[in-house]
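Adding 1134 to a residue's 1-based position in the sequence shown gives its number in our numbering. No residue lacks a Cβ here, since even glycine has one placed at the ideal position from N, Cα and C. The structure presented is a predicted model; accordingly, all values stated were derived computationally and were not measured. Heads up, the thing below is written out as structure tokens.
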Amino acid sequence: MPLDADSPQREVIIAKLNEIVEHELAGVVRYTHYSFMIFGYSRIPVVSWFRSAANETLLHATEAGEMITMLGGHPSLGIGNLLETHKHDMAEILNESMDFELEGIERYRELLSLAEEAGSITLEEYARRLISEEAVHVSDIDKMLRRPGEVDQAIKTEAP
């Protein structure tokens, strides 16, 4: 990776990666909490989806932390925003999840821009892969928000 230890971009990239670590760690807590709060006929598959999302989100945080240490940085012990809305209707939970995933895509897009400026293929490919993975999550959530039989997007989002 062509980032010199004294490159000014290095610190900006590490800061963005730390922001990603904190965001993803908040997602682990968020998705685990949501899995506790799902009730009704479709509980079992939705709980399974949220717990799988929590595990994948932890993997994303871990990968971002590894990128930080690869650059000689120190991963944050912080955690992102964890607002409890006390809205536990499944549609509200899914809408909050959609917002969370779209925020994640924005962070990875910002990282991609920084990586391109720095000329780091490793970071570019990492950011592109995560944008793609988060876009799949957005698609999954959108499909869960649709009424049975509807094919139109529930929430109009531009595919990343």
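Alpha carbon of residue i to alpha carbon of residue j, nearest angstrom
i               : j               : result
arginine 1185   : threonine 1256  : 29 angstroms
aspartate 1233  : isoleucine 1202 : 25 angstroms
aspartate 1274  : threonine 1219  : 22 angstroms
serine 1169     : serine 1254     : 37 angstroms
methionine 1135 : leucine 1193    : Note that methionine 1135 scores 47 on pLDDT, short of 50, meaning its location in the model is unreliable and no value can be drawn from it.
glutamate 1240  : alanine 1249    : 14 angstroms
lysine 1221     : aspartate 1138  : 47 angstroms
glutamate 1145  : alanine 1160    : 23 angstroms
Contact belief for residue i with residue j at Cβ below 8 angstroms, rounded distance in angstroms
i               : j            : result
methionine 1198 : valine 1162  : Strictly speaking, residue 1198 in this sequence is alanine, with methionine absent from that position. Not really, about 12 angstroms apart at Cβ, beyond 8 angstroms.
arginine 1281   : leucine 1216 : Incorrect: roughly 30 angstroms between the Cβ atoms, too far for contact.
As assigned by DSSP and simplified to three states, the class of residue i
i               : result
aspartate 1276  : helix
glutamine 1143  : helix
asparagine 1215 : coil
tyrosine 1168   : helix
arginine 1281   : coil
methionine 1135 : Model confidence at methionine 1135 stands at a pLDDT of 47, short of 50, so the residue's coordinates are unreliable and nothing is read from them.
histidine 1222  : coil
glycine 1161    : helix
Beta-carbon proximity check, residue i vs residue j, cutoff 8 angstroms
i              : j              : result
leucine 1245   : lysine 1150    : yes
glutamate 1268 : glutamate 1235 : yes
Any non-hydrogen atom of the ligand NAD within 7 angstroms of residue i CB
i            : result
proline 1179 : With respect to small molecules bound, the structure shown includes none, and the ligand NAD cannot be examined in it.
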